[in-house]
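Chains E and C, in that order, give the protein sequences. Residue 24 in the numbering used here sits at position 24 of the first sequence, with consecutive numbering throughout. Whatever position you read off the second sequence (first residue = 1), add 1000 for the numbering used here. Ideal placement from N, C-alpha and C gives every residue a C-beta, glycine not left out. Since the structure comes first, as structure tokens, the remarks are kept for the end.
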Amino acid sequence: KNEVEQSPQNLTAQEGEFITINCSYSVGISALHWLQQHPGGGIVSLFMLSSGKKKHGRLIATINIQEKHSSLHITASHPRDSAVYICAAFSGGGADGLTFGKGTHLIIQP
Amino acid sequence: DAGITQSPRHKVTETGTPVTLRCHQTENHRYMYWYRQDPGHGLRLIHYSYGVKDTDKGEVSDGYSVSRSKTEDFLLTLESATSSQTSVYFCATRERERGETQYFGPGTRLLVL
């Protein structure tokens, strides 16, 4: 069973700061997902990656397969980035679901 | 947005009563999932489906059953609700087999008194 660990659990930063959230997993995976959950509760998929790096606007996700580690970066953070960020591992094939980290609660203060 | 709706969105029930949550999707995705989200645990898989009438158990399936009689609908039933099943329940879908994006429904908040 894959164990997915995230750090930090909570992060408060000032607007404009560069944010890094880390995710590590214990077993080799097929894909790593980054999700965003806003205070209203809805969950949105940000990235799915199996190697290298992906960028979408101010968000960048990287993964190091050998080290079993992924990071989510937010550049020029803004209060609207305040949310819970969740990483999730897809390690099986077929119908398998995701194994989730417990999430990082990010607050960006103006 | 994969056109996923969940009903009801909120429910309060009493211990021992059966409860059914419905997930409906309009994208014809093959795979459907039920997760529960609890503080300190993150999201955990309850049951999943890989086709009509094809379902299997996840990590925390005790006390839950599911059914999928049509591609678009995936029902989660709490056979006899307990307070430990107070949670937020999320449905999710996936189109293909190899780890592609999962799309999440808006969630159902269930309180078992």
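Less than 7 Å between C-beta atoms, sequence neighbours within five positions excluded: which residues of the same chain meet that for residue i?
i        : result
R1030(C) : Y1050, G1051, E1095
H78(E)   : E15, I108
Q1037(C) : L1043, S1087, V1088, F1090
S24(E)   : E5, K68, H69
E1116(C) : Look at the range of chain C in this structure, 1001 to 1113, and you will see that residue 1116(C) is not part of it.
E17(E)   : S77
T1071(C) : N1028, V1052
D81(E)   : I74, L106, I108
If we call anything under 8 Å between Cβ atoms a contact, is residue i one with residue j?
i        : j        : result
V1066(C) : L1078(C) : no
L35(E)   : I86(E)   : yes
P1106(C) : G41(E)   : yes
T20(E)   : H73(E)   : yes
I121(E)  : A89(E)   : In this structure chain E extends from 1 to 110, so residue 121(E) is not present and cannot be described.
T1093(C) : E1027(C) : yes
S1061(C) : H1047(C) : yes
L59(E)   : A83(E)   : no
Roughly how far, in whole angstroms, is the beta-carbon of residue i from the beta-carbon of residue j, given that I think they are within contact range, below 8 Å?
i        : j        : result
D1073(C) : H1024(C) : 6 Å
V1112(C) : T1015(C) : 6 Å
Q1085(C) : G1063(C) : 6 Å
S45(E)   : Q1102(C) : 6 Å
S1080(C) : P1018(C) : 6 Å
Closer than 6 Å by C-beta to residue i: which residues in its own chain qualify, once you throw out the five before and the five after it? Chain order, please.
i        : result
K54(E)   : F47, A61
K1011(C) : L1110
I63(E)   : L32, L49, S70
M1032(C) : S1049, F1074, T1093
N22(E)   : S7, S71
H38(E)   : A83
T1013(C) : V1019, A1081, V1112
P110(E)  : E15, P79
N10(E)   : H105
For residue i, which residues from the same chain have a beta carbon less than 8 Å from its beta carbon, with the 5 sequence-adjacent residues on both sides left out?
i        : result
F1104(C) : I1004, F1090, C1091, A1092
S56(E)   : The displayed chain sequence assigns His, not Ser, to residue 56(E). L46, F47, listed in sequence order.
K1(E)    : V27, T99
Inset, instruction - Could you tell me whether the stretch 1002-1012 of chain C touches the stretch 47-63 of chain E, where touching means 3 or more Cβ pairs closer than 8 Å? - result: With a cut-off of 8 Å, the stretch 47-63 of chain E and the stretch 1002-1012 of chain C do not count as touching, because too few Cβ pairs lie within range.
Inset, instruction - Pair every Cβ in the stretch 4-11 of chain E with every Cβ in the stretch 61-70 of chain E, then say whether three or more of these pairs are closer than 8 Å. - result: Output reads no: the stretch 61-70 of chain E does not touch the stretch 4-11 of chain E.
Inset, instruction - Specify whether the stretch 91-110 of chain E and the stretch 1037-1048 of chain C touch according to this definition: at least 3 beta carbon pairs, one from each stretch, less than 8 Å apart. - result: In short, these stretches touch, since the Cβ pair count reaches three.
Inset, instruction - Mind checking the stretch 1091-1110 of chain C against chain E and listing, in chain order, the residues whose C-beta falls within less than 9 Å of any C-beta there? - result: So the close ones are A1092, R1094, E1097, R1098, G1099, E1100, T1101, Q1102, Y1103, F1104, G1105, P1106, G1107, R1109.
Inset, instruction - With 9 Å as the limit, tell me which residues of the stretch 1077-1089 of chain C have their beta carbon closer than that to any beta carbon of chain E; keep them in chain order. - result: Residues passing the 9 Å Cβ filter: V1088.
Legend entry - Residues in the stretch 1020-1041 of chain C having any Cβ partner in chain E nearer than 8 Å: Residues passing the 8 Å Cβ filter: Y1031, Y1033, Y1035, G1040, H1041.
Inset, instruction - Could you list the residues in the stretch 40-58 of chain E with a C-beta less than 7 Å from some C-beta on chain C, going in chain order? - result: Under the 7 Å Cβ criterion, the stretch 40-58 of chain E contributes G41, G42, I43, S45, M48.
Legend entry - Cβ-based contacts, 9 Å cut-off: residues of the stretch 1054-1070 of chain C near chain E: Within the stretch 1054-1070 of chain C, the residues whose Cβ lies closer than 9 Å to some Cβ of chain E are D1054, D1056, G1058, E1059, listed in chain order.
Inset, instruction - Determine which residues of the stretch 7-25 of chain E have a Cβ less than 9 Å from any Cβ of chain C, and write them out in chain order. - result: So nothing in the stretch comes that close.
Legend entry - chain C contacts made by the stretch 75-86 of chain E, where a contact means CB separation under 8 Å: From the stretch 75-86 of chain E, only I86 have a Cβ closer than 8 Å to chain C.
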